[in-house]
Every structure is written in structure tokens, then in C-alpha cells.
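Those sequence lines, one after another, are chains A and B. For the first sequence, our numbering assigns the number 21 to the initial residue and increments by one for each residue that follows. For the second sequence, our numbering assigns the number 3 to the initial residue and increments by one for each residue that follows. These notes concern the structure reproduced below.
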Amino acid sequence: MHDRITQTFRGSHVLTAVLVAAALAFMLVGIANNDTFYLRLGTEALIFAGLALSVDLLLGYTGLLSLGQAMYFGIGAYVSAVVLIHTQSFWLAMSASLGASLLAAIVGGIIANQVRGVYFALITFALAQVVAKVIYNTQSLGSSDGLIGIPVVDVNLGVAAISTSSPAGFFLAVLTIIIGLYGLTAWLLNTPFGRVLIALKANERRVPFLGYSVWRARLAAYVLAGAIAGISGALYPMLRGFVSPELLFFSTSGNALIAVILGGVGTLAGALYGSIILIVLKSVISTYTTHHLIVIGSLFIALVLFVPQGLTGYVRPYIVAWLERRSTRRSNDQKPSMPTAVVLKRDSS
Amino acid sequence: MELLEYIQYVLAPQVLNGLTVGVALILVALGLTIIFGLLDVLNMSHGEFYAVGAFLTIGLGAMGVNFWALIVLAPILMIPLAIAVERFLIRKVYDGADRHVTTLLVTFGLALVMEDVLKLIFGANPHRPENPLPGASEVLGIVFPHYRFLLIIVGAFIILVISYIVYRTKLGSMVRAAAYDRNMAASLGVPVGLIYSGTFAFGVGLAALAGVLLAPIYSVFPTMGRDFIFMAFSVVIIGGMGSILGAVVAGLLLAQISSLSSLFIEPVWTDPIVFGVMVIFLMFRPQGLFGRIGHA
């Protein structure tokens, strides 16, 4: 018998598996139709899903609302762009971005960890503004225009190489990386370290009494989230061939937040679904009107008010209950299991 | 002699400009800080209410409404909208587990919708209403544009009136009581629900008023609130969330810093400096310069 948190993670894994299957089907259809546009759009959705994942790790599991997660995404993107221009090496760009975003997140985390609650939201917001404006004003980083002309590179896998210009190939590469990030996050959250983070959200004051350092756990969560955002950001210039200061602006952080709320806070899978739904929504609405923010904003408000658990948060309890029933059926004669009703009721974080 | 000319032609206009911006900034920040101080809500849509005020100047001005009437009319027109927002959006999530986060999210969503509605009605291009009080006077060789001068006077007057209401009237003491302890205030007969709606409407009205007053000086466009609200946030943080005196001091200070620093460094660098100061304050003195309304 697994405990409730492990159960909910298994529910998220099922949802993510469905998403991966859908993404692979989408890719095959794309290849069959010789499509570029939709595959590129899908890749972009996945890249921003990585950013949303980092927001969900903070908000959904540690209870920290970051309004400046785009900062690490942008730092990852800029570092990756600069490295790609100079060396054309995918792996070097990825590791440099990871290093830079880790470093930035340690500094940012030490600063932001001084405060709690609404002040934390504001300090992350202000930090992102400072970095965004500094990049915006830096001539060697292209100022307000950003950096353009980032070369197409090969993702060298030893036995084979995928060009970032190949729509399906790069889609698959990004999908692998983002799902890898999801798996890593879910795994970490299911370790004792992850339990401390979840405990922080539940009741921060009691955690020290159990012998854990609140400060260290919060910093670790923040740094991890920064690194996830940085890695996702590093993929952006490979897809679009440019980076611009807009990547660091509040609108990028805000979009990630919308995606997380849409998909479901504290589910991880929801962040992935949310980003994809958000991009699909935007492109569908844009075919009718340019004012997609009215629709998305209203939808966002309605979700916060009426479905605060989001889409996957709404679906997941049913999947968890189904997994539960299945495992009970398997170990039918052994021991009586926890009633599913209890699982259903308590699963609303 | 050179120094005098420097003061007359370079320094004085910048100080005056800083004062004008400062007064408007204080009005916006006051609304923000009062709403936070009392309701414990970080109103992310505050900048959009400010933009609505400015667009009322454009829209109603085009219908022939006098500008001076608008100064009174715009905040009043905001009351029903503000009360609806407080009753049907904020109050719905107010008693939830994580009030700060959910109210922030709801007002953030509202900001998106409002900004886009303004775009839908007025288009994305900037507008510029006519200056209702053109001309300028010269005092001691320093040029005072009439309208800016008036804005400073009107703004200072409004700020004084607000401080008087909050600190010296019975209504003000009820508001402060509700901010300090909602349940105790309610049991002493303070109509807390009404006070909450009223305070939110009041804060929003101030933002709209600032929008009207600044419209003739700056251009009016749908995303104008976004740029301005970031500054207002810094003012509120540095002054102390919920502190009226703090908002006044920090507003004047920040406006002067950004106005005067543009003489020495490129103006594009004032933003990072202002936000950097905000970060430093959040790190070492999150309560700001002064304490919180009802708590000091």
C-alpha cells in the first residue's frame, strides 16, 4: 500500500503518459503532413511547459508564489544564445545555461528567502525586473532587440545527431528533455526531501520542530526551480533563432502562472497540460479576434474562483481512485485497503 | 552665474517634473497601500484602474464633458465597478486558505481582461487629450507650466484630505479598527463588509483620479497602467505597506530620484535602480520606512 502523496504522483504519471502519447501521435501526424508550423508551435508549448513546471514546483508544492520565474528562463535563453553563437555546441550551451541559472538562482534564492508570503512574490517580481531592465539596456546583448541569428546546431547524441532545424526531431528532443525534467521533479518530491517541501506548504512553523531547516529546504526548492526554468529557457533560442528581453518580462512569468492555474496547481502534470492548452487557446482565439486576453483572463478568474484545483487537479482524484481500485483488486485477499472515498476527499491541494 | 543658470534651466524643471510625477505616483500608491493595509489584498489590477481613469478623460472628453467635472466624476463612476469587483471577485476568495495568493491571482486576471477591454474600445495607439490649462508663468526665471502647478496643488490637497479622513474622523477610526482586528471591529458594531467595499472603491477611485490628472501630461494607452504600477509598487514597499505617510515620503523621494538621476545617468537606468532599491528594502526592511495602517 502506498501513501497518499505517492498515490497522487502516480495519478500525475498516468496523466503525463497520456500527454506523451498524444504528443508522439501529434508528431507522427506532423511528419506525415510534412508540417513545420504546428510542430514548432508544439515545441514552443513544451518549452514554456518547462517554465510552468518550475512555477508549479514552487507554488504547488512549496507554497511560494514566484512572479519572476521568467528571469531564470531568460538567463538560460541568453546564455544559451551566446554560447551557441560562439561555439555551436548544443551540450555546451545546455550546461552553460544550467550553470548560469543555478548560480543566479542561488543568489536570487538567498535574497528572496529573506521574506515570506506576499513579500516573496514582490521580491521575485522586483528581482526579475532589475535583471530584465539590465539586459534591456546592455548593448552587447542587443538591447531591446535581443540577439538574432542564432545558428542551427546539431544535438549530438553520440550514435546519431538531431538538427535543431528539424521540426519533428527537435520536437522529440524537447519532449524528452521536458519529460525528463518532469520525472526528475516528481522523483525528488517523492523523496524525504520532497516531503519536507510539501510540509513547508502545509505548515511552515512546525517544520523546524521536526528537525528540518526551513531556510535550506526553501532555498533548495528555489534553486531547483531556477535550474528547471533555465534549462527550458536554453532550448528557446534553438527553436526560434533569437532571444529578446521580453522573455524576462513579467508577461512571461504571468503566462507560466496562468498555465499552472489552468492545468492545476500542485500536480506537475497540470503545468504541462496548462501550457499546451494555453498555447492552443491563444492560437484558436487569435483566428477569431486579436483580443484573446479577455477570454484567457476571464477563464483564469473563473478557474481561480470556481475550480481552484485546475483541470488535472479535477481529473486526477478519479485516476488515483482507479489506480487504487486496480491495486486493491490485485492484492484482493491480502489486507483491506484504505477506502477510496477518503482518498478522493483529501486530494485537493 | 553658471551655477544659477544650471539651477534655473536644468535642475528646477527636473525637480518640478519630479514633483508632478511624485504627486500622481502618491495618489496611485495611496490607493494601493490603503487597499493592502485594510483588506490585505495586493491589487494587481490597480494600474488598470488608473488607465481606466485616463481613458475616461479621453472618452467622456470626446463627448464634451468638461475636464474639471471629470476630476470629480471619474472616481464616482468607478464606485459601482469597484464594489462589484470587491463583492463578486475578491470576497469570494477572501476567506480561503491562501488569501494573499488567490486575491493576487484574481486581480491579476482582472488586469488582463481590463487591459484588453481598453484595447478593444480605444485601440492600442496612444491618445493625447488637450491640456485644459495651457500656458506657463515665469517665477524667478523658472518656468512653471500652469497645469503642472495646478496638479501639484490639487494632489497635495487630496493627500491632506485623505490623511485627515483616515487619522482624524470617526470613519477613519472605523477603517483602522477594521484593519487591526476585523472580528473585534465587527462585534463593536463597525459595518465591516461595507467598510471593505467602500475602502476598495476609495482606493480604486484614487487610481482613476490620478489617471485623469496625468492624462493631459502623458500619453494615454491601454498598457499605461503596467508601467506606472511597477513604480507604485516600489513606493508602497519602500514607504511601508499600508502606510499613508510612507507612501507620501517614498513617492516624493522616488520621483525625485528618477527625475534627477536622469541628469547624470542615462534615463533607461533609472528603472533598475528603483527596483534595486525595492529589492534592498524587501530584504532588510520589508515593513518599509513606516509601519502599517491601524498597526502603528
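Cβ atoms here follow ideal geometry from the backbone N, Cα and C, with glycine treated the same way.
Name, going along the chain, the residues of the region 225-242 of chain B whose beta-carbon falls closer than 7 Å to a beta-carbon of chain A.
Taking 7 Å as the Cβ-Cβ cut-off against chain A, the residues of the region 225-242 of chain B that qualify are Phe232, Phe235 and Ile239.
Along chain A, which residues have their Cβ under 7 Å away from the Cβ of B:Gly278?
Those are Val150, listed as they occur along chain A.
Just list the beta strand (DSSP E) runs in the region 102-189 of chain A, keeping only unbroken ones of 3 residues or longer that don't cross its boundaries, in chain order.
Segments of the beta strand (DSSP E) lying fully in the region 102-189 of chain A: 174-176 and 181-183.
Give me whichever residues DSSP pairs with A:Phe262 in a beta bridge.
Paired residues: A:Ile168.
Determine whether the beta carbon atoms of B:Leu32 and B:Ile246 lie at a separation below 9 Å.
For B:Leu32 and B:Ile246, yes; Cβs fall inside 9 Å.
Is it true that the CB of A:Ala41 sits closer than 9 Å to the CB of B:His102?
Judged by beta-carbon spacing, A:Ala41 lies beyond the 9 Å limit of B:His102, meaning their Cβ atoms are not closer than that value.
Can you tell me which residues form a DSSP beta bridge with B:Ile144?
Paired residues: B:Val141.
Proximity below 9 Å, CB of A:Gly253 to CB of A:Phe93:
Yes; because the gap between Cβ atoms is below 9 Å, this pair is in contact.
A:Val285 (DSSP reduced to helix, strand or coil):
In the three-state reduction of the DSSP assignment, A:Val285 falls in the coil class, being assigned neither a helical nor a strand state.
Only counting runs of 4 or more residues, tell me where the alpha helix (DSSP H) segments fall wholly within the region 111-182 of chain B, in order along the chain.
Restricting attention to alpha helix (DSSP H) runs no shorter than 4 residues, the region 111-182 of chain B encloses them at 148-170 and 172-182, ordered along the chain.
Candidates B:Phe204, B:Phe146, B:Met285 and B:Asn127: closest to B:Ile167 by CA position:
Taking only the C-alpha atoms, the option nearest B:Ile167 is B:Phe204.
Taking 9 Å as the CB-CB cut-off, is B:Glu88 touching chain A?
Taking 9 Å as the threshold, the shortest C-beta distance from B:Glu88 to chain A does not fall below it.
Who are the Cβ neighbours of B:Ala249 in its own chain at under 7 Å, not counting the five residues just before and after it?
Result list for B:Ala249: Ile28, Ala31, Leu32, Thr35, Val237, Val238 and Gly241, in chain order.
Would you report the Cα separation of B:Pro147 and B:Gln258, rounded to the nearest angstrom?
B:Pro147 and B:Gln258: Cα-Cα distance of roughly 18 Å.
Can you find a C-beta in chain B that's less than 9 Å from the C-beta of A:Gly83?
Yes, A:Gly83 counts as interfacial toward chain B.
Tell me, which residues are paired with B:Val108 by DSSP?
DSSP, once it has assigned bridges, lists no residue as partnering B:Val108.
Positions along the region 117-129 of chain B whose CB lies within less than 8 Å of some CB in chain A
Contacts with chain A (Cβ-Cβ distance below 8 Å) from the region 117-129 of chain B involve Glu117, Asp118, Val119, Lys121 and Leu122, listed in chain order.
For A:Ile198 and A:Ile126, I'd like the C-alpha separation in whole angstroms.
For the pair A:Ile198 and A:Ile126, the Cα-to-Cα distance works out to about 22 Å.
Out of A:Thr144, A:Gly62, A:Gly317 and A:Gly294, state which residue places its alpha-carbon closest to the alpha-carbon of B:Leu114.
Ranking the options by Cα distance to B:Leu114, first place goes to A:Gly317.
Reduced DSSP secondary structure (H/G/I, E/B, other) of B:Val222:
Looking at B:Val222 - three-state DSSP - the assignment turns out to be strand.
With 16 other Cβ atoms within 10 Å as the buried cut-off, status of B:Ala209:
So B:Ala209 counts as buried.
Consider the Cβ of B:His48: report whether some Cβ of chain A lies at a distance smaller than 9 Å.
No, its Cβ sits nowhere closer than 9 Å to a Cβ of chain A.
Anything in chain A within Cβ reach of B:Met186, meaning under 7 Å, just list it in chain order.
Correct list: empty, because the minimum Cβ distance to chain A is about 23 Å.
Quick check: what's the CA-CA separation for A:Val315 versus B:Asn45?
The straight-line gap from Cα to Cα measures roughly 20 Å.
B:Ala298 CB to nearest chain A CB: under 9 Å?
Confidence at B:Ala298 is low in this model, with a pLDDT of 43, below 50, so the placement of that residue is unreliable and no value is reported for it.
Let me check understanding here. Comparing Cα to Cα, which of B:Ile282, B:Ala71, B:Arg93 and B:His129 lies closest to B:Leu41?
With distances taken between Cα atoms, B:Leu41 lies closest to B:Arg93.
Could you pull the start and end residues of the alpha helix (DSSP H) that A:Ser74 belongs to?
From DSSP, the alpha helix (DSSP H) with A:Ser74 extends over Phe57 to Asp76.
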